[in-house]
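To get this note's numbering, take the position in the first sequence, counting from 1, and add 246. We treat Cβ as the ideally placed atom computed from N, Cα and C, and that holds for glycine. Note that the coordinates shown come from a computational prediction; the quantities given were computed from them, not determined experimentally. Structure first, then comments.
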Amino acid sequence: MKQILWSGADFSLSQTLESGQCFRFEKDAGTGAYTAFAGDRAGVFMQEGPDVFLCKGRVEDIPFWRQYFDLERDYGTLKERLAAGDAVMAEAVSFAPGIHLLRQEFFETLISFILSQNNHIPRIRGLAARLCAEYGKEMGGWSAFPTPEELARADEASLRRLGCGFRAVYLVDAVKKVCAGGYAAEELERLGTEELRARFMEIKGVGRKVADCVMLFSLGRYEVFPADVWIRRVMEAAYFGGEPLSLRALQETAAARFGKDAGFAQQYLFHYGRMKKIGK
DNA sequence: GCCCAGGTATAAA
DNA sequence: TTTATACATGGG
247 MKQILWSGAD
257 FSLSQTLESG
267 QCFRFEKDAG
277 TGAYTAFAGD
287 RAGVFMQEGP
297 DVFLCKGRVE
307 DIPFWRQYFD
317 LERDYGTLKE
327 RLAAGDAVMA
337 EAVSFAPGIH
347 LLRQEFFETL
357 ISFILSQNNH
367 IPRIRGLAAR
377 LCAEYGKEMG
387 GWSAFPTPEE
397 LARADEASLR
407 RLGCGFRAVY
417 LVDAVKKVCA
427 GGYAAEELER
437 LGTEELRARF
447 MEIKGVGRKV
457 ADCVMLFSLG
467 RYEVFPADVW
477 IRRVMEAAYF
487 GGEPLSLRAL
497 QETAAARFGK
507 DAGFAQQYLF
517 HYGRMKKIGK
C-alpha cells in the first residue's frame with residue numbers, strides 16, 4: 247500500500263517527528279520509514295521529496311493524519327512571521343524549516359510531558375511504551391495510549407513499579423483531575439492561553455514548561471511557539487554547528503521575546519545552557 | 001559503574 | 001522575587 251498523504255513544501259516528516267514533540271514513533275533504519283502512533287491509531291509513513299506517503303495503515307485515517315501533522319496550514323507565512331526581525335528565530339527556522347506543530351490528543355500529550363521532566367528522550371519513550379502496554383488497549387502487536395479512565399486503574403505504587411519514579415504522584419493527580427472533568431476539547435478551546443496555562447498548572451508536577459508543551463504540541467497554540475521547539479533548535483544549532491550563538495545573545499533575545507516573563511526565559515535557557523554546556 | 005535527563009516543588013537566600 | 005537542591009530511574 248502506498249497512499250499519498252500530502253504533497254507540498256515546508257514539511258519534513260523526520261524533522262517534525264524527531265523534534266521532541268512526541269514520544270511514540272519508530273524509525274526503520276533500513277527504509278527510513280516512520281511508524282507513528284497516536285492514541286489508538288498507527289501508520290507507517292515515508293517521505294520522498296515533498297511527497298509524504300501513508301505506506302501502512304487505514305485509508306480512512308488519512309484525514310486524521312493530515313490534521314495530526316498540521317499539513318493544511320501555511321507554514322511559509324507562519325515562519326516568515328516568526329522570523330521577521332528576529333535573528334534567533336530566523337536561525338531556528340533555517341535550521342529546521344520542515345518542523346510542523348503536531349496536533350496530538352490532549353491527554354496523551356499531557357501525560358507524556360509529565361513523564362518528560364528531568365528525563366531523557368529514550369527513557370521517556372520507554373516509559374510511554376510501558377504505560378501503553380500495561381494500561382492501553384491491545385491493538386495486535388502494539389498498544390494504544392491509555393484513556394484517562396484506563397489510566398485511573400493505576401495507583402502510585404504500580405506506576406512506580408513501571409519506573410515512573412517521583413512522577414508517579416504527578417500522573418495520579420493529572421488522571422484524577424482529568425477524570426473529574428473540565429478538560430474536554432471544547433472546554434479547552436474556549437480558554438485563552440493564560441487561563442489554559444493556569445488550568446494546567448493546577449496539576450501537580452505541571453509547571454510552565456509542561457503546560458506550554460501541551461499547548462504547543464496538542465492544542466496548536468502558536469503564540470507560545472517560541473518557548474519551546476524553536477528555542478531548542480536554536481540551542482542545537484548553536485551547539486552542534488554553524489556560527490556559535492553566545493548564551494548572552496540568546497538570553498537577551500529571549501528576554502525581549504518574553505517581556506514580563508524574562509525570568510522564565512532566563513531559567514529556561516539556564517537549563518538548556520547547562521544541558522548543552524553552552525556558555526559558562 | 002557513572003552520568004545525567006525536553007522540570008518541578010520546595011526551601012533558602 | 002530570585003536562586004539552589006532533591007527527586008527516582010535506567011538509557012547510553
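Asked: Alpha-carbon spacing of glycine 509 relative to aspartate 458, whole angstroms; Found: Because the pLDDT at glycine 509 is just 38, under 50, the model does not fix this residue reliably, and the value given afterwards should be weighed accordingly. Distance between the alpha carbons of glycine 509 and aspartate 458: 15 Å.
Asked: Residues bridged to valine 298 (per DSSP); Found: Trp252 and Gln293
Asked: At least three beta-carbon pairs within less than 8 Å, the region 415-426 to the region 338-358; Found: yes
Asked: Classification of phenylalanine 412 by the beta-carbon crowding that lies within 10 angstroms, buried from 16 upward; Found: exposed
Asked: Contacts around arginine 399, its chain only, beta-carbon distance under 7 Å, and the 5 residues preceding and following it disregarded; Found: Tyr381
Asked: Nearest neighbour of glutamate 318, chosen from Val305, Ala255, Gly266 and Glu264 [CA to CA]; Found: Ala255
Asked: Alpha-carbon to alpha-carbon, leucine 397 and glutamate 384; Found: 14 Å
Asked: Proximity of glutamate 469 and threonine 439 at Cβ, strictly below 7 Å; Found: yes
Asked: Neighbourhood of arginine 467 by C-beta distance below 7 Å, restricted to the same chain and skipping five residues each side; Found: Thr439 and Met461
Asked: 8 Å contact criterion, which threonine 262 and leucine 348 should meet: CB distance rounded; Found: 7 Å
Asked: N- and C-terminal bounds of the alpha helix (DSSP H) containing alanine 374; Found: 367-381
Asked: Sub-7 Å separation of alanine 279 and tyrosine 314 beta-carbons; Found: no
Asked: Alpha-carbon spacing of serine 260 relative to tyrosine 429, whole angstroms; Found: 31 Å
Asked: Continuous beta strand (DSSP E) stretch holding alanine 444: start and end; Found: Alanine 444 -> not in any beta strand (DSSP E); alpha helix (DSSP H) instead, spanning 439-446.
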